[in-house]
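A.B. asks: One line per chain: the protein sequences are A and B, in this order. Each residue of the first sequence is one higher than the one before, counting from 47 in the numbering used here. Each residue of the second sequence is one higher than the one before, counting from 47 in the numbering used here. The C-beta atom is built at its ideal place from N, Cα and C for all residues, glycine as well. Every value quoted in this text rests on a predicted model; they were computed, and no experiment measured them.
There are 2 protein chains.
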Amino acid sequence: MEHVTLEERKLVHKGSILDVYADTVRLPNGNIEHWDFVSHRKGAAAVLPVLEDGRVVLVHQYRHALERMTWEIPAGCRDSLTEDTAICAARELEEETGYRSEEITPLIKLRTTVAFCDEFIDVYLAKNLIPGEQRLDDAEEISVKAWEMKDLLEEIYAGRIQDSKTVSAIFAYQTKVLSQQA
Amino acid sequence: MEHVTLEERKLVHKGSILDVYADTVRLPNGNIEHWDFVSHRKGAAAVLPVLEDGRVVLVHQYRHALERMTWEIPAGCRDSLTEDTAICAARELEEETGYRSEEITPLIKLRTTVAFCDEFIDVYLAKNLIPGEQRLDDAEEISVKAWEMKDLLEEIYAGRIQDSKTVSAIFAYQTKVLSQQA
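This is the structure in structure tokens:
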């Protein structure tokens, strides 16, 4: 099968976490088109923290891109291009929620929006949580809440939790738990 | 709670589907920072097509941003800022798979990557599928396959299906089915 091929790539914006390119591509039928490509330079990690009683810890924060508050699993960019995403996930967990975990295991791997962006998020599951202190950076004011799974599912189906990494992670965990009970 | 406030917004790239802005923001502690903001102008719709026997129809296509093939649910941008996403979902279903559906219902609502982008995808469930002909646009070479749910879950947990709208939609449907059986 013939694919889209890249004829020319022009960097149009070097941002704080993104590089934005104007690509000229050739379609399989020979036509030339101009496409956007956004490179999320470092990639990211996220973590679903689950308490002993089964409740899930989410963080509440203001999202500039949406101009509103969201409930999300803890997440953040890698510190460098070579950072292990498990290390990144453990750091974001502790910074945003105060919890440390003695058991961080891979859950799923995500690409957030494949039509124009290469961003990946490796999503981990954190159990055996040990309470501690949040260590937020300057930009963050984050509150933390432990949710019952049934309430989270209700929030998702009602469209009140929409963040794709959070939706994917909650379902991935719930499906695993249910399949182990079956 | 005090939030990040926008001090200045500068359009740095008007792309084919995206507008990219360099934002100057003031953090709650008074510090000034420069953040990227990507506006996905039109938003999008996606659809999980489920056959009578329970198999799920996915499309296989080349993704320029990832430089590889992906398995995904059918999806696409809205034609206009006012298009009903259910209409968009029905159109993308028929164009990419050939199937029409007599029963398209809302499943979940997603924000793909909230840290820097406002893109939304409304995800629908399509049943009562009627086979027909693909009608692909110039850029698309798409093959279609009906998957058993257990194989899809295996692909996701193995990290071979990563697209966030696809992962979310598959789990959202599977969780609903399992909860109705319980």
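Can you give me, in chain order, the residues of the segment 190-210 of chain A that have a beta carbon less than 8 Å from any beta carbon in chain B?
C.D. replies: L199, I202, Y203, G205, Q208, D209, S210
A.B. asks: Rounded to whole angstroms, what's the CA-CA distance from H59/A to V66/A? Just pull it up for me.
C.D. replies: 5 Å
A.B. asks: Which bits of chain A does R157/B rub up against, with CB to CB less than 7 Å?
C.D. replies: R157/B reaches chain A at L112, Q208, D209, S210, counting residues in chain order whose Cβ is nearer than 7 Å.
A.B. asks: Could you tell me whether the Cβ of S126/B comes closer than 7 Å to any Cβ of chain A?
C.D. replies: no
A.B. asks: Starting from the C-beta of I176/A, find all residues in its chain whose C-beta is less than 6 Å away, skip the five residues before and the five after it, and write them out in chain order.
C.D. replies: Excluding positions up to five away in sequence, the list reads R146.
A.B. asks: Can you name, in chain order, every residue of its own chain whose Cβ lies under 7 Å from the Cβ of A136/A, other than the five neighbours on each side?
C.D. replies: S147, I150
A.B. asks: Does R72/A get closer than 7 Å to chain B when you measure Cβ to Cβ?
C.D. replies: The beta carbon of R72/A does not come within 7 Å of any beta carbon belonging to chain B, so the residue lies off that interface.
A.B. asks: If you draw a straight line from the C-alpha of N77/B to the C-alpha of H110/A, how long is it?
C.D. replies: 15 Å
A.B. asks: My output table needs one value for I150/B: the three-state DSSP class, helix, strand or coil.
C.D. replies: strand
A.B. asks: The alpha helix (DSSP H) that contains Y108/A, what's its start and end?
C.D. replies: Residue range 102-109 is occupied by the beta strand (DSSP E) that includes Y108/A, with no alpha helix (DSSP H) assigned at that position.
A.B. asks: Applying the criterion that 16 or more other CB atoms from any shown protein chain within 10 Å of the CB defines a buried residue, is G205/A buried or exposed?
C.D. replies: exposed
A.B. asks: Roughly how many angstroms lie between the CA atoms of F83/B and C163/B, to the nearest whole one?
C.D. replies: 6 Å
A.B. asks: I133/A to L139/A, Cα distance in whole Å?
C.D. replies: 10 Å
A.B. asks: Report yes or no: do three or more beta-carbon pairs, one from the segment 153-163 of chain A and one from the segment 205-225 of chain A, lie closer than 8 Å?
C.D. replies: yes
A.B. asks: Taking only beta-carbon atoms, is G144/B less than 7 Å away from chain A?
C.D. replies: no
A.B. asks: Would you mind telling me which residues of chain B sit closer than 8 Å to T221/A, beta carbon to beta carbon, in chain order?
C.D. replies: L199, F217, Q220, T221, L224
A.B. asks: What are the start and end residues of each continuous alpha helix (DSSP H) run of 4 or more residues lying completely inside the segment 85-144 of chain B, in chain order?
C.D. replies: 131-143
A.B. asks: Residues bridged to S214/B by DSSP?
C.D. replies: Answer is none; S214/B lacks a bridge partner.
A.B. asks: Look at R101/A and A192/A and say whether their C-beta atoms are less than 7 Å apart.
C.D. replies: yes
A.B. asks: What is the DSSP secondary structure of E79/A, reduced to helix, strand or coil?
C.D. replies: strand
A.B. asks: Can you check DSSP and say which residues form a bridge with F166/B?
C.D. replies: R157/B
A.B. asks: Starting from L198/A and walking both ways along the beta strand (DSSP E), at which residues does that stretch end?
C.D. replies: Unbroken run through L198/A is the alpha helix (DSSP H), 195-203; no beta strand (DSSP E).
A.B. asks: Could you pull out every residue in the same chain whose Cβ sits closer than 7 Å to the Cβ of L97/A, ignoring the five residues on either side in sequence?
C.D. replies: Counting only Cβ-Cβ distances below 7 Å, and skipping sequence neighbours, we find V103, L175, A192.
A.B. asks: Against chain A, does T131/B count as a neighbour if the rule is that its beta carbon must be under 7 Å from one of theirs?
C.D. replies: Not a single CB atom of chain A sits nearer than 7 Å to the CB of T131/B.
A.B. asks: Please confirm if D164/B has its CB atom under 7 Å from at least one CB of chain A.
C.D. replies: Under the Cβ criterion of 7 Å, D164/B is counted among the residues facing chain A.
A.B. asks: Would you call the CB atoms of P201/A and I207/A closer than 7 Å?
C.D. replies: Checking the displayed sequence, the identity of residue 201/A turns out to be Glu instead of Pro. Yes. Within cutoff.
A.B. asks: Quick check: is the beta carbon of I63/A nearer than 7 Å to any beta carbon in chain B?
C.D. replies: yes
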